Structure formats: C-alpha cells, structure tokens
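Working notes, structure below.
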Amino acid sequence: MAGVAAGAAPIPVARIPQILLHPLGVPLDPAIPDSQVTIVHQVRLPRVLTAMLVGAALATGGAVMQGIFRNPLADPGILGVSAGGATGAVFAFSTGLSLAGVWVVPAFAFAGALCGGTAVYCLAPEPGGAHGRNARRGGN
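At the far end of the sequence shown sits residue 153, using my numbering, and the numbering has no gaps.
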C-alpha cells in the first residue's frame, strides 16, 4: 500500500483501498479526485506489480542457480554470469553493433551471460571431485 501511495502527487493511504477496489464495483467517495484514481491505476499500481514480478523472477533465478550448482552460496558474480554479460555488452559497444537497435546490447549481454555460466558449468567436474567443489565455489 505504501508503494502505491508514495509518489510526487500525495495520495492518502486511507484512500488507496477504495481506489483499488473501485473497478470491482465498490463506490468511490466523491471527495477522491479522478486524477488520483488515474495515477493509482495507470502509474503506481503497474509500477508496484512490475517490481513484485521482477523480485519473484530474481528469486527464482537465484534458487535455480543454487540448485543446479548444488551450492547455497552460488550467485551470478561468483559463477561467471555477470562477467560474461559484461563481456557481451562490451563486445556490442566496441564493435559498433549497439547502433543497430535498442535491443542489441541486452541481447549480447544475455548471450555473454549464458556463455559464461555454461562455461563454468561445463568446466567444473562432477561434484565428487575436489576440483568440482572448488570451481563451484569460485576457486576457493
């Protein structure tokens, strides 16, 4: 509720439930301006819902990464995903491909991250060996 209420135009927290339930048929208090309803439904609510979805996606990605590598400390910085993504983005910028479109740099960053993570996974031996444990822990 605080995320929906917070913004440049102040909207009292007490009005938020009524504004949110208005599309479901709950009558709206005449003291609530249409501008506040528009701000909540078209700006703030989508922002809050998007933040929730992105947070859930990041948590799922982290859990999958920890499950694949069987390491509760696995994260993109340790496993080469961040470095691979940065390398892909730098490649797109340095070759001038970034001028081809707005999605070129993210595509190259994604491809680089995929290559970096795959390389670490393929180079690490089976979990039983000492080298496999070290590779999955970032070399420690």
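Positions of the beta carbon are idealized from the N, C-alpha and C atoms, including for glycine.
The model shown is predicted, which means the values in this text are computed figures rather than measured ones.
Inter-residue Cα distance where the pair is residue i and residue j
i    : j    : result
A64  : H35  : 23 Å
L58  : V115 : 26 Å
D47  : V67  : 29 Å
A72  : G16  : 20 Å
T51  : A87  : 43 Å
G75  : V56  : 29 Å
V77  : V61  : 24 Å
A113 : G130 : 26 Å
Which of helix, strand or coil DSSP assigns to residue i
i    : result
T73  : helix
L66  : helix
A105 : helix
M78  : helix
P30  : helix
Residue i - containing alpha helix (DSSP H), residue span
i    : result
L4   : Nothing can be reported for residue 4, as the shown portion of the chain is limited to 14 through 153.
D47  : 47-52
A113 : First-last for A113: undefined, no H or E at that position.
A120 : 117-136
G20  : From DSSP, G20 is part of no alpha helix (DSSP H); its letter is neither H nor E.
Same chain only: Cβ atoms within 8 Å of residue i, ignoring 5 sequence neighbours per side
i    : result
Q31  : V39, L41, D42, I45
A122 : G98, A99, G101, A102, A105
Contact test: residue i Cβ vs the ligand GDP heavy atom, cutoff 8 Å
i   : result
G97 : In the structure on display, the ligand GDP does not appear, and there are no ligands present to speak of.
Sequence-distant residues of the same chain with beta carbon closer than 6 Å to residue i, five excluded per side
i    : result
V117 : A105, L110, S111
Reference residue i, options the options, closest by Cα
i   : options            : result
A22 : V53, M14, L37, V77 : V53
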